[in-house]
Amino acid sequence: MSSREILLVYDKECPVCDAYCRLVRSRASVGDLRLMNARDDTALMADITRQGLDIDQGYGCET
Amino acid sequence: MVVKLDGVLHYGPDAIHALSLMSGAAGGFKTASTIGFSAPKSRARMVYPLLRLGRNLLLKALGKTKINQSAGARQRALLAEAGGQRAGCAGVSSPLPGRPRAASADGFRALTANPSRPSRPSVSGVRVQSEILADKQTDMKLSYASTATELLQECV
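So the protein sequences, as listed, match chains A and B. Take the first sequence: its letter number 12 is residue 12 in our numbering, and every next letter is one higher. In our numbering, each number is its position in the second sequence, counted from 1, plus 63.
Below, the structure is given as structure tokens:
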């Protein structure tokens, strides 16, 4: 399980989100967890946007 | 919040639910995760709007802006994707380099362009003044549309 790569995209400007995600990352059993700032212009964010997922809403559409 | 796991995107409450199931946390974190998000998944869906509200209030209190992906970037991505096949878009330099809105202008132009219209002159990258003005006008229109959409979402 530890070899699995997990990407967690969150809003780094939100202190609570940041604290939560850092806490999650500190847990070894989660695996290879990489944190990504949703405000950065990354390929994953482009992919998320392309799929119609809105980070701000987080609840608006289900897949 | 989005979690990408095994190539699958988990979104919003599903993301937090997935994280809570994956983490073998102990102590306070485990307790907090269990209360809010561990099975059943419906509980995460109930709690998540409150967390989202808390985040929005916190961002306002701190003077931070939202990511604002909803109105602008998503529209830009869809437009850019729709217009991405057009050969002219790739080589056109943005009037506002570094700003994400530039991509939307390309996508918007690609969608609204007349297919029968000949491609724009691209002699050594020199752009006509009218083209630059049209780009700026398109950017302004998209900006107004994004703001209007955002205001509507705030009202709802």
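C-beta atoms are modelled at their ideal positions from N, C-alpha and C, and glycine is treated no differently.
Any Cβ of chain A closer than 8 Å to the Cβ of residue 127 (chain B) would place that residue at the interface, and such an atom is present. Residue state for residue 119 (chain B) is assigned as helix, using DSSP reduced to three classes. When DSSP reads this structure, residue 13 (chain A) sits in no beta bridge, so it has no partner.
Between residue 38 (chain A) and residue 130 (chain B) the beta-carbon gap is near 5 Å, inside 8 Å, which marks them as a contact. Cβ contact annotation for residue 81 (chain B) (same chain, cutoff 6 Å, sequence separation greater than five): 66 and 73, in chain order. By the neighbour-count criterion, in which a residue is buried when 16 or more other Cβ atoms sit within 10 angstroms of its Cβ, residue 49 (chain A) is buried. Per DSSP, the unbroken alpha helix (DSSP H) holding residue 44 (chain A) starts and ends at 43-50. Assignment of residue 32 (chain A) by DSSP, reduced to helix, strand and coil, places it in the strand class. Residue environment for residue 210 (chain B): exposed (fewer than 16 other C-beta atoms within 10 angstroms of its C-beta). Closer than 8 Å to the CB of residue 38 (chain A) there is at least one CB belonging to chain B.
Chain B places no beta carbon closer than 8 Å to that of residue 18 (chain A), leaving this residue out of the contacts. Around the CB of residue 41 (chain A), fewer than 16 other CB atoms lie within 10 Å, so the residue is classed as exposed.
For residue 68 (chain B), there is no enclosing alpha helix (DSSP H); the residue is found in the beta strand (DSSP E) stretching over 65-68.
Taking a contact as a CB-CB distance under 8 Å, the pair residue 17 (chain A) and residue 118 (chain B) counts as one, their CB atoms being some 6 Å apart.
Cα atoms of residue 79 (chain B) and residue 64 (chain B): separation of roughly 8 Å, rounded to the nearest angstrom.
In this structure, residue 13 (chain A) lies away from residue 214 (chain B), with their beta-carbon atoms at least 8 Å apart. Under DSSP, residue 6 (chain A) takes part in a beta bridge, and its partners are A:33 and B:68.
Straight-line spacing of the CA atoms in residue 128 (chain B) and residue 84 (chain B) works out to 31 Å. The CB of residue 121 (chain B) comes closer than 8 Å to the CB of 14, 15 and 16 in chain A, given here in chain order.
Between residue 32 (chain A) and residue 4 (chain A), the C-beta spacing is below 8 Å. Following the DSSP letters along the chain, one finds residue 83 (chain B) inside the alpha helix (DSSP H) bounded by residues 76-85.
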